[in-house]
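Letter by letter, the sequence shown follows residues 1342 to 1675 in the numbering used here.
Note that CB positions come from ideal geometry on N, CA and C, so glycine has one too.
Remember, predicted model here, so these are calculated numbers, not experimental data.
One structure is given here, and the rest of the page talks about it.
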Amino acid sequence: MAKFFNQRVKKSGASTGTIVIASIVGVLIVIAIGVLISVKSKNNHKDAVIKIRDSVAVEVNSKLPDKTLFFSELEGVKEKDIKTNYDKVNLEKVGTYEVKIKIYNESYTSKLEVVDTEAPVLKTKDVNIAIGGTYKPEDFVESCKDNSDTDCKIEFYDLSLTQSGEKIDYSAFTAEGAYTIQIVATDDAGNKTSPQSATLNIGKNNVKSPTVCKYGNDSYDTSKYILAVNVTENGCGLDLNVYQDEAKLKLVNSIVENEKAKLKKEFSTIKLNTTDIYLNSDIGPVLNMSGTGLVGYTLKITVSINKGTANEEVIEEYFVNLKGERQYTINKYL
């Protein structure tokens, strides 16, 4: 379990006093003075409590955030009296931008972080070539779209393994037959897709050869498991002994780090009134229906908060699926 966000909330107090007045005239004078002081205080907005956040994050090519999100604490201020200046902000480019804020003739400064935490959307296609022909990763791309509107970097998935857990050498696919190819797409911010499969058919007839699965096929109980990563090869499960292989777990761990970055951004825009937020990731191997081969991994993310009590409160719990989407079991902010 990792603690990844701290927020301290400013507390304000009020002092009280007692005045003993000995005459009716004195009472009237005090009341008059009290009214005068009250009006003057209201006109100067001394009752306002304003605490500015250091920064607020939004996704690239999205909309400007609600201006109240720049405050970790805001009391006694009308929203219409908050003036924000976004002249230096470019929502189409990742970066950190200064935001100027003015309230009741007082000036404040915060930052707007334009970030890219979303992986590209990659669709693949099968490729047919003659014996002796060549191919490259880009040949297997039907489309690739990133929210930053920049080009995707396409690569062969270098963590692909054979059924026996050996690394696949794509350059060795030269003989006639059908081969499963896995590619990944990366954007300029380093966000990477999960591996997407396509078929390379080599030869005149492009006939797919039947595959014999040494450790069983890739079928698993979809009613019980939500896969975050699929490690099967040519429709076959892998040797069970590779389930702790660092190369296979590397992709799952990268998804955890990506979710951590997303949650940091999301919670920077939510007033939780707490000092501690914790993230716990639970990675579990999934076997095929026969129990003889490794199919992939599940990833469950749990987010909890501590408001100074002995018990933590779970505010989010979800599984990440193969598309990188969240499937919630708990979400108190829907």
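In the structure shown, ASN1621 falls within a strand segment according to DSSP collapsed to helix, strand and coil.
Taking the Cβ atoms as the reference, LYS1464 lies roughly 35 Å from SER1396, outside the contact range of under 8 Å. A straight line joining the alpha-carbon of SER1413 with that of ARG1394 spans about 6 Å. Here ILE1442 really is in contact with PHE1411; their C-beta atoms are around 6 Å apart, less than 8 Å.
Here ILE1472 is exposed: its Cβ has fewer than 16 other Cβ atoms, across all protein chains shown, within 10 Å. Under DSSP, no beta-bridge partner is assigned to THR1409. The residue from THR1610, ASN1629, GLY1544, THR1643 with its alpha-carbon nearest to that of LEU1579 is ASN1629.
Under the 10 Å beta carbon count, VAL1390 is surrounded by fewer than 16 other beta carbons and is classified as exposed. Put simply, the backbone Cα of GLU1607 is about 19 Å away from that of GLU1433. Inclusion of LYS1494 and GLU1483 in the CB contact set at 7 Å is not warranted, their separation being larger than that value. As the crow flies, the alpha-carbon of LYS1404 is around 20 Å from that of ASP1529. In this structure, DSSP gives ALA1389 a state outside helix and strand, which the three-state scheme calls coil. Of all C-beta pairs linking the stretch 1500-1516 to the stretch 1572-1587, three or more are shorter than 8 Å, placing the two stretches in contact.
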